[in-house]
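Notes for the one structure printed next.
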Amino acid sequence: MITCYALLRKGERNLYLSPYLQTEKTSLWDPEEAVVLKSSGMLTKSQKDEASYALYAAIDFSVDRWIQDKQYVPRLLVSSLVFMVVYFFMSLVIRDPIPMVDELLISSGLTIFSWIALAKRDTRSSLAIKRRYELKASAGSPDFLQDEGLFALESYLEDSSQLDRLDLCNSLCLSSKDPLAPLSYEQAPPWVEEVLLLLELHMKVNQKFLYRYYKKVCSLREGKRASSKLSARLFHLSMQQKLDIPQLSLCVALREQMS
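For reference, each letter of the sequence shown is one residue, going 12 to 270 in our numbering.
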C-alpha cells in the first residue's frame, strides 16, 4: 500500500506528502498497488484536486529523474562522442589564429546542448511515458481515509503561526529561555516517522531553501549551541515571507520526538 498524507493549513498552502518523490523506488512501485491518502477530516473537492495535482507532480519528478539516471551512461557516451567529433573537426578542417581555444569553446557548447537535448528526449521516451501513465492511473483515484492523529500536526502548525515570530525563532535557535513547544499527543502514532521522512523529502525537493535552514537548525540543536545570529536570520527571512517558520518548527519537533 502506498500511503500519502494531507496536512491542511489555514491561510497557508496545504502540504501533500507522498513517497512518490523517492526516485530510487520509481521502478519498484506496483501500478496495481492501492494508494491511500490520509487526512484529519473530510477533504473538499478543491482539496482533492490539489492532492491529485501534487501526486501527479511528484510522479512526473520521479519518473524524469529515474529515466535520466537509467539513461545516464548512453547519454554520457553520446555527449563524449559529440565533443570528440566536433573538436577534431574544428582542429583539422577549420584553421584559426588562436589554436585550441575556439575548438574547446564550440565543442563544450555543443556537448552541453547535446546532454540537455538527450535528457529531455529521455523524459519523453516510450518507457517514461508508460511508467508515468501507470503510476498516475493508480494515484488518480486514491482511497481517502481519515486519521484524527494528523490533527495534532495541523494544530501544531496553526499554533506556531499564532506565536510571536521572533520568540519562535529564538526558541528554534536556543537563544531563548523558552523551549520549543512539543507536539501535543500522549503516544506517537505509528506513522509519525514516515511523515517526518516524507516532510524532509518534500522540503529537499520542493523547498530547498527551507531544507537548508532546517539542516542548520537541527545541527545547531544537536550540538546544543545557541545562535542569536541564526535566529535573526530566520526572523528576517520569515518577515520577508521567504521561510515557513511554522513548518520548520514542526519538522524540528517531530525530529526531536523521534530521536
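Ideal Cβ positions, reconstructed from N, Cα and C, are used throughout, including at glycine.
Item                                                                                                  : Value
As assigned by DSSP and simplified to three states, the class of SER238                               : coil
Unbroken beta strand (DSSP E) run spanning SER157, endpoints                                          : Here residue 157 turns out to be Gln, not Ser, going by the sequence shown. Unbroken beta strand (DSSP E) run through GLN157: 154 to 157.
CA-to-CA distance, TYR98 to THR271, given in whole angstroms                                          : The question about residue 271 has no answer, for the chain in this structure spans 12 to 270.
Cutoff 6 Å; reference TYR27; Cβ partners in own chain excluding five residues on either side          : ALA17, ALA62, ALA65
Nearest-angstrom Cα separation, counted from GLU23 out to ASP75                                       : 29 Å
THR14, DSSP secondary structure in three states                                                       : strand
Short Cβ contact (8 Å threshold) for SER149 with PRO42                                                : yes
Coil, strand or helix - LEU248 by DSSP                                                                : helix
Simplified DSSP state of LEU194, which is helix, strand or coil                                       : coil
Touch test, the region 179 to 187 against the region 230 to 244, Cβ-Cβ under 8 Å, three pairs minimum : yes
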